[in-house]
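Participant: Let me begin by handing over the structure; questions about it come next.
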Amino acid sequence: MSDRGIYGFKAGRPAMTDQQNSGNFTNDENIHLIETNAKHTGGVPVTDNLTAEWDAGKAPSYSGSGTTWTDLSGNGNHATLTNPSWNSGGYFVLSTSFQVSKTGVLGSNKTVIYVMQTTDTQALFDSNGNTGGSHYLAAYRSGNKGYYSNVTAGAVYRNNGTGTNIVNNLYDYIRSSNAYMISFVNTDYNWSGFGFNYYSSYQFDSGKLYAVLIYDRNLTNSEIGELYTYYNGRGIV
31 MSDRGIYGFK
41 AGRPAMTDQQ
51 NSGNFTNDEN
61 IHLIETNAKH
71 TGGVPVTDNL
81 TAEWDAGKAP
91 SYSGSGTTWT
101 DLSGNGNHAT
111 LTNPSWNSGG
121 YFVLSTSFQV
131 SKTGVLGSNK
141 TVIYVMQTTD
151 TQALFDSNGN
161 TGGSHYLAAY
171 RSGNKGYYSN
181 VTAGAVYRNN
191 GTGTNIVNNL
201 YDYIRSSNAY
211 MISFVNTDYN
221 WSGFGFNYYS
231 SYQFDSGKLY
241 AVLIYDRNLT
251 NSEIGELYTY
261 YNGRGIV
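Residue numbers for the sequence shown follow the working numbering, so the first one is 31 and each next one is one higher.
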């Protein structure tokens, strides 16, 4: 077993079952309780209508080599990676040649969450059919805005759902030296294939991609906050 442990956390203490716990845990024990309950959900605290969970920091999702990013949601929505460069810190290095694709996971009333970091000035989150066509969701430097074609996003939040809706000025918020969580909520895609980093004019040329979550519903602000707390507790965001 690697030192990331069963689900990406450092090994060293046997995982506990629900029956073995009384509810009063140390931080270390909480981590191992998350591992125990992660066998079918990947450990994220919000699992209702979770379509796909891809996590570069969890060994069952990515072992460190290969072109398959395994879905931890239990739905079998495994993504295909192009030119992956994986770092043992639990992320993929973003570059213009790196791509993630999966058919049949988008559509109407979706929430898509990216845990990432970039200093890029103009980049694509998704494009239709994994082909880099005319449908896209991106950040655009001209006018410091979100840049959308054949997709509508009801709200976009950075790190949690209690702050500013950045749907119209996404460009101002994605450039950072630190990792963050970007959530696209109440989003209607006019295509079904997830195609990260495909549109040539808007590819990320720097940064890190830790995880992607896709939900087949609109998450509440409270649920977005739970997910932020989860990734923050792992020391990512």
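Think of the CB as a built atom: it goes at the ideal place given N, C-alpha and C, for glycine as much as any other residue.
For V197 and N139, I'd like the C-alpha separation in whole angstroms.
Facilitator: Going by the C-alpha atoms only, they are around 16 Å apart.
Participant: If we cut at 8 Å on Cβ distances, does Q233 have a partner in chain C?
Facilitator: Here chain C cannot be found, since the structure has a single protein chain.
Participant: Would the beta-carbon of V181 fall within 8 Å of that of T133?
Facilitator: Result no, Cβ atoms of V181 and T133 do not sit closer than 8 Å.
Participant: Once you ignore the five residues that flank N174 on each side, which residues in its own chain have a CB closer than 7 Å to its CB?
Facilitator: Excluding positions up to five away in sequence, the list reads N199, Y201 and D202.
Participant: Within a Cβ cutoff of 6 Å, which residues of the same chain sit near S127, ignoring the five residues on either side of it in sequence?
Facilitator: The residues are N113.
Participant: Check whether the Cβ atoms of S125 and S118 sit closer than 8 Å, and answer yes or no.
Facilitator: Cβ distance not < 8 Å, so S125 and S118 don't count as in contact.
Participant: Taking the CB atoms as reference points, tell me whether I244 and A82 lie closer together than 8 Å.
Facilitator: Going by C-beta atoms, I244 is nearer than 8 Å to A82.
Participant: V267 to Y261, Cα distance in whole Å?
Facilitator: Between V267 and Y261, the C-alpha separation is close to 6 Å.
Participant: Report the three-state DSSP secondary structure of A257 (helix, strand or coil).
Facilitator: In the sequence under discussion, the amino acid at residue 257 is Leu, which differs from the Ala named in the question. L257: helix per DSSP, three-state reduction.
Participant: Suppose you measure from the CA of A89 to the CA of V242; what does that come to, to the nearest Å?
Facilitator: So the alpha carbons of these two residues sit roughly 15 Å apart.
Participant: Specify the secondary structure class of G263 as computed by DSSP and reduced to three states.
Facilitator: Residue state, collapsed to three classes: helix.
Participant: For I204, report the span of its alpha helix (DSSP H) as first-last.
Facilitator: Unbroken alpha helix (DSSP H) run through I204: Y201 to I204.
Participant: In this structure, how does DSSP classify S252 when only helix, strand and coil are distinguished?
Facilitator: Residue state, collapsed to three classes: helix.
Participant: What are the uninterrupted segments assigned as beta strand (DSSP E) that are 3 or more residues long and contained completely in the segment 82-112, given in chain order?
Facilitator: Runs of the beta strand (DSSP E) inside the segment 82-112: 109-112.
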